[in-house]
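Student:
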Amino acid sequence: MNIVISGASGYLGHRLAGHLCSVGHHVLALTRTKNGRLDALAKKYGTLEICELETDELFFTLSRFNPDVFFSTTCCYETDTRFLSKTVDSNYIFPAQLLKYAMLLRQDASRRIRFISLGTSLPGKLNLYSLTKKQFGELGAFFAGIGRIQFVNVLLESFYGPDEPESRFIKSSILKLARGEPLEATEGTQHRDYILTDDVVDMLSFLAVSDTLTEDFYSVPVGTGSAPAIREILDFLKQETGSRSSILYGARPMRKDEPSTCADLTALRMLGYGREPLPWRDGMRMMINKITRTGE
Numbered sequence: 000m001n002i003v004i005s006g007a008s009g010y011l012g013h014r015l016a017g018h019l020c021s022v023g024h025h026v027l028a029l030t031r032t033k034n035g036r037l038d039a040l041a042k043k044y045g046t047l048e049i050c051e052l053e054t055d056e057l058f059f060t061l062s063r064f065n066p067d068v069f070f071s072t073t074c075c076y077e078t079d080t081r082f083l084s085k086t087v088d089s090n091y092i093f094p095a096q097l098l099k100y101a102m103l104l105r106q107d108a109s110r111r112i113r114f115i116s117l118g119t120s121l122p123g124k125l126n127l128y129s130l131t132k133k134q135f136g137e138l139g140a141f142f143a144g145i146g147r148i149q150f151v152n153v154l155l156e157s158f159y160g161p162d163e164p165e166s167r168f169i170k171s172s173i174l175k176l177a178r179g180e181p182l183e184a185t186e187g188t189q190h191r192d193y194i195l196t197d198d199v200v201d202m203l204s205f206l207a208v209s210d211t212l213t214e215d216f217y218s219v220p221v222g223t224g225s226a227p228a229i230r231e232i233l234d235f236l237k238q239e240t241g242s243r244s245s246i247l248y249g250a251r252p253m254r255k256d257e258p259s260t261c262a263d264l265t266a267l268r269m270l271g272y273g274r275e276p277l278p279w280r281d282g283m284r285m286m287i288n289k290i291t292r293t294g295e
């Protein structure tokens, strides 16, 4: 299949691009500017092309590529309104442009183009990030409802992996604990569904190629279906790292209306996805072992 991925230079988009190429799909990676990681993927897999948004003509490139599937993984996690323009552009305006192009390309497609958007399980009113993600999901549902596109809104839970950036919550916590540094946290009573990145990529790949998706619109939670409290996760990480760090619960304030989230995998199961995601303890133990063994 021919699969377009926006945000392909980001952590999850890059992982998804590599996996899809490895199983034989042709991938068009959209990025503002090339980077070494994408260049390495292109050299490894002759089935990966790179479209630089600052220099290449996007619609012409898309028309030539003739995509079957779009993945919108472009994301800005900023929640402060000082970053309003950046957040709205990344989470709504640019994905909306891709959605428009997918609908235009549909006129010459032999079947409906499938547009898969990586949204969030968080409530829309929580912050700017979740609000813009929810609003784009509503836009996709609107156009799917009038038959212009097949739209899959992925309600993504928190994800983690040993190769994730050090700034992400799980990895930064592991590194601080491993170094014996104090770790400031909220009270940690909120529950979160943490899923290994490998499992996210596998679920997304299934959604891209499965012929069981026959309706115009789907809302699909992606997670493990288990949601421990943040306090339970941090206590586990401390135990597994053998750390003597102090975890300072309550040192950071809880957000107003802090939610607890957990994926309901019923929709994925009904579509035919049968693999069981790795339980969070097993995944994080594996992550700790890899980080401490390699010094990453």
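Heads up: the sequence shown begins at 0 in numbering that gives the first Met the number 0, then just goes up one per residue.
Glycine included, C-beta positions come from ideal geometry on N, C-alpha and C.
Between the beta-carbon of residue 251 and the beta-carbon of residue 179, is there less than 8 Å?
Tutor: No, these two residues do not count as a Cβ contact at 8 Å.
Student: Hey, how far is the Cα of residue 86 from the Cα of residue 261?
Tutor: Cα to Cα, residue 86 sits roughly 25 Å from residue 261.
Student: What does a CB cutoff of less than 7 Å around residue 91 pick up in its chain, not counting 5 residues either side in sequence?
Tutor: Excluding residues within five positions, the ones whose Cβ falls inside 7 Å are 131, 134, 135.
Student: Taking 6 Å as the limit between beta carbons, can you name the residues of its chain near residue 224, skipping five residues before and five after?
Tutor: Cβ neighbours of residue 224 beyond the five flanking positions: 262, 264.
Student: Can you tell me which of 25, 193, 74, 117 puts its alpha carbon nearest to the alpha carbon of residue 227?
Tutor: Minimum Cα distance to residue 227 is reached at 193.
Student: Given that a residue counts as buried once 16 or more other Cβ atoms are within 10 Å of its Cβ, and exposed if not, what is residue 149?
Tutor: It counts as buried.
Student: Enumerate, from N- to C-terminal direction, the unbroken beta strand (DSSP E) stretches of 3 or more residues contained entirely within the region 187-251.
Tutor: The qualifying runs are 193-195, 216-221, 246-248.
Student: Grab me the residues of residue 65's own chain with a C-beta within less than 7 Å of its C-beta, minus the 5 sequence neighbours each way, in chain order.
Tutor: So the qualifying residues of the chain are 1.
Student: Can you list, in chain order, the residues of its chain whose CB lies under 7 Å from that of residue 161, leaving out five sequence neighbours each side?
Tutor: Here the set comprises 286, 289, 290, 295.
Student: Below 8 Å, how does it come out for the region 196-216 and the region 167-174: are there three or more Cβ pairs, yes or no?
Tutor: Taking 8 Å as the limit for Cβ pairs, the verdict is that the region 167-174 does not touch the region 196-216.
Student: Which class does residue 290 belong to by DSSP, given the choice of helix, strand or coil?
Tutor: In the structure shown, residue 290 sits in a helix (DSSP, three-state: H, G or I).
Student: From this set, 189, 56, 124, which residue's C-alpha is nearest residue 100's C-alpha?
Tutor: Answer by Cα proximity: 56.
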